[in-house]
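Numbering of the sequence shown is given in the numbering used here, commencing with residue 8 and proceeding in unit increments.
Just below is one structure, and these are the notes that go with it.
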Amino acid sequence: MTEFDYVVASGHRDKRFNRLKCRIYNFFLVLKYPFLRVDGKYEYTYLDDMPVGWRVAFGAEMCSRIRNQLLKEKGLKDYKVFQVKEKFGELRWYDNGSRAVQDIVDQYSSMSIVTCVKCGEEATWLTTGWIVPLCDECKRKEEESSPHPRAYHPL
Numbered sequence: 008m009t010e011f012d013y014v015v016a017s018g019h020r021d022k023r024f025n026r027l028k029c030r031i032y033n034f035f036l037v038l039k040y041p042f043l044r045v046d047g048k049y050e051y052t053y054l055d056d057m058p059v060g061w062r063v064a065f066g067a068e069m070c071s072r073i074r075n076q077l078l079k080e081k082g083l084k085d086y087k088v089f090q091v092k093e094k095f096g097e098l099r100w101y102d103n104g105s106r107a108v109q110d111i112v113d114q115y116s117s118m119s120i121v122t123c124v125k126c127g128e129e130a131t132w133l134t135t136g137w138i139v140p141l142c143d144e145c146k147r148k149e150e151e152s153s154p155h156p157r158a159y160h161p162l
């Protein structure tokens, strides 16, 4: 994995990268995937709204597939992402894409339900309340570190 691919996967939340490096990496990220640009700035991209685990597991792959589809359709210039988030333990990606792009998004949305939001490994648990998928290791770490542990349900 190149350093660029690492940044795509981990985002600038990684403490190894300072603000200037984040802007530079986001600049190159947006050159490759222009639809990730937010408000003309480089401190932040729409991919930063995706939980780190999902970003590591499939973020760059998803963006690459969307870009390739848009190039086939000659629609890269007009494609816009409006919001990316996690809701009820599932990826939500709001855009103005074609049916083919939406099929790609739907595939990764389905994958997100069974992918740990923290590390990207296969999820085996769902939390209650704020619903998020977690793997065994991340569940264990959360239980150890939290003064108020949540309830969990196996997937």
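The beta-carbon is built from N, C-alpha and C at its ideal position, and this holds for glycine as well.
Keep in mind it's a predicted model, so treat the numbers as computed, not measured.
A distance of 7 Å or more separates the beta carbons of S116 and E128. Of V124, L133, P140 and S153, the smallest CA-CA separation from R62 is found for V124. Across the structure, P140 and P154 are spaced so that their CA atoms are roughly 20 Å apart. In this structure L162 is in contact with W132, their Cβ atoms being roughly 6 Å apart against a cut-off of 8 Å.
Here G66 is buried. Its C-beta has 16 or more other C-beta atoms within 10 Å. Rounded to whole angstroms, the Cβ separation of N75 and Y86 is 12 Å, and the two are not in contact under 8 Å. Y53 carries a helical assignment under DSSP once its states are collapsed to helix, strand and coil. Per DSSP, D113 has no beta-bridge partner at all. Between V91 and Y40 the beta-carbon gap is near 12 Å, outside 8 Å, which marks them as no contact. Bridge partners of E149 according to DSSP: none are assigned.
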